[in-house]
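Take a look at the structure set out below.
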Amino acid sequence: MSELQGIERHQVELVLFDLDGTLIDSKVDIANSVNFTLRDLDLPQRSLAEIFSFVGDGVKRLLQLSVGETNVTQYEEALRIFREYYLAHCLDFTEFYPRIQEILSHPSERTFAIVTNKTREYTVRIIEGLGATQHFSEIECPRDSSELKPDPGMLLRVLEQLAVPVDRTLMVGDSTNDVRAAQAIGMKSCAVGFGYGNPAKVKPLQPDFYCESPDDLFALLVGPSA
Numbered sequence: 009m010s011e012l013q014g015i016e017r018h019q020v021e022l023v024l025f026d027l028d029g030t031l032i033d034s035k036v037d038i039a040n041s042v043n044f045t046l047r048d049l050d051l052p053q054r055s056l057a058e059i060f061s062f063v064g065d066g067v068k069r070l071l072q073l074s075v076g077e078t079n080v081t082q083y084e085e086a087l088r089i090f091r092e093y094y095l096a097h098c099l100d101f102t103e104f105y106p107r108i109q110e111i112l113s114h115p116s117e118r119t120f121a122i123v124t125n126k127t128r129e130y131t132v133r134i135i136e137g138l139g140a141t142q143h144f145s146e147i148e149c150p151r152d153s154s155e156l157k158p159d160p161g162m163l164l165r166v167l168e169q170l171a172v173p174v175d176r177t178l179m180v181g182d183s184t185n186d187v188r189a190a191q192a193i194g195m196k197s198c199a200v201g202f203g204y205g206n207p208a209k210v211k212p213l214q215p216d217f218y219c220e221s222p223d224d225l226f227a228l229l230v231g232p233s234a
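To get my numbering, take the position in the sequence shown, counting from 1, and add 8.
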């Protein structure tokens, strides 16, 4: 992994960000929505840590694991309950991690995009609610389950839409899914240690950069003296 000395624009023109656990801290709203769903179905509550061990592969997988993979009869109802509740409460406690707004608003010729396994309706609601839509040239969410990271399909779609070469692009995320998706197409990757990913699983993948804190990410993308 390279030292955090700041990336020049000639090295990286486009930065792709994961959302949950990378740009935003959304764990309380997601956990509350999952537990509301479980209560409504008369199922046992889950702990915060348990719920976030389920996050990363999309809302359907989150609810399958939360409800119980053998509980097929209640799964569709769980999706309905969760969707309605989370759409109404996805901004109760969700906020950007420290320094993220400074990174996004810092004067730069770089282009930013979001590439997330989160459903589009939730992603757009959150980004609009946080007043950050103007910072992102593209917001890519899976069109079907086959596009979930670590599949690199969404990353490739952004590259095509924005006409930026893969060797001038950096994927930033907290999970193995983000690093693997980038590595699958020869894209630079930066893993962050302040999100929901497991560093013990992420670090052995040897991302190009590793940012333990939001301050580290700021130093990498903006510069240590900015």
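Backbone N, C-alpha and C define an ideal beta-carbon position, used for all residues, glycine too. It should be emphasised that the depicted structure is a prediction, and the values quoted were computed from it without experimental measurement.
Checklist entry - Short check: CB of E136 to CB of V166, under 8 Å? => result The beta carbons of E136 and V166 sit no closer together than 8 Å.
Checklist entry - Along the chain, where does the alpha helix (DSSP H) that runs through L31 open and close? => result Here L31 belongs to no alpha helix (DSSP H), and DSSP marks it neither H nor E.
Next on the checklist: With the cut-off set at 8 Å, would you say V174 and G194 are in Cβ contact?
Outcome noted: Taking 8 Å as the cut-off, the beta carbon of V174 is found closer than this to the beta carbon of G194.
Next on the checklist: Quick check: S74 and I89, are their CB atoms within less than 8 Å of each other?
Outcome noted: Not a contact, by the Cβ cut-off of 8 Å.
Item to check | Three-state secondary structure (DSSP) of M195 | outcome: In this structure, M195 counts as coil in the three-state DSSP scheme.
Next on the checklist: Using CA atoms only, rank isn't needed, just tell me which of A189, V210, C219 and Q214 is closest to V200.
Outcome noted: Nearest option by C-alpha distance: C219.
Next on the checklist: Measuring straight from C-alpha to C-alpha, what distance separates M9 and P158?
Outcome noted: Only weak support exists for where M9 lies, its pLDDT of 48 falling under 50; the value from the coordinates is given anyway. Their backbone Cα atoms lie some 20 Å apart in a straight line.
Checklist entry - By Cβ distance below 6 Å, which residues in the same chain neighbour K196 in space, the five residues on each side in sequence not counted? => result Same-chain partners within the cutoff: L178 and D216.
Checklist entry - What are the partner residues of Y218, as DSSP defines its beta bridges? => result Answer is A199.
Checklist entry - When DSSP labels each residue in this structure, what does F226 get in the three-state scheme? => result Three-state result, F226: helix.
Checklist entry - Which residues bound the alpha helix (DSSP H) around E92? => result V80 to H97 is the extent of the alpha helix (DSSP H) around E92.
Item to check | Residue range of the unbroken alpha helix (DSSP H) whose run includes A57 | outcome: L56 to F60 is the span of the alpha helix (DSSP H), which, as asked, contains A57.
Checklist entry - Are the segment 42 to 54 and the segment 106 to 124 touching by the rule of at least three beta carbon pairs closer than 8 Å? => result Per the Cβ contact rule, the segment 42 to 54 is not in contact with the segment 106 to 124 (fewer than 3 Cβ pairs under 8 Å).
Item to check | Which of helix, strand or coil DSSP assigns to I15 | outcome: Residue state, collapsed to three classes: coil.
Checklist entry - What does DSSP give as the partner residues of M179 in its beta bridges? => result Per DSSP, L24 and S197.
Item to check | Buried or exposed (CB count within 10 angstroms, at least 16 for buried), V42 | outcome: Looking at its Cβ environment, which holds 16 or more other Cβ atoms inside 10 Å, V42 is buried.
Checklist entry - What residues are listed by DSSP as bridge partners for I147? => result According to DSSP, which records beta bridges pairwise, I147 is partnered with I122.
Item to check | Through-space distance from Y204 to S61, alpha-carbon basis | outcome: Rounded to the nearest angstrom, the two C-alpha atoms are 8 Å apart.
Checklist entry - How many Å lie between H143 and L163 at the Cα? => result H143 and L163: Cα-Cα distance of roughly 18 Å.
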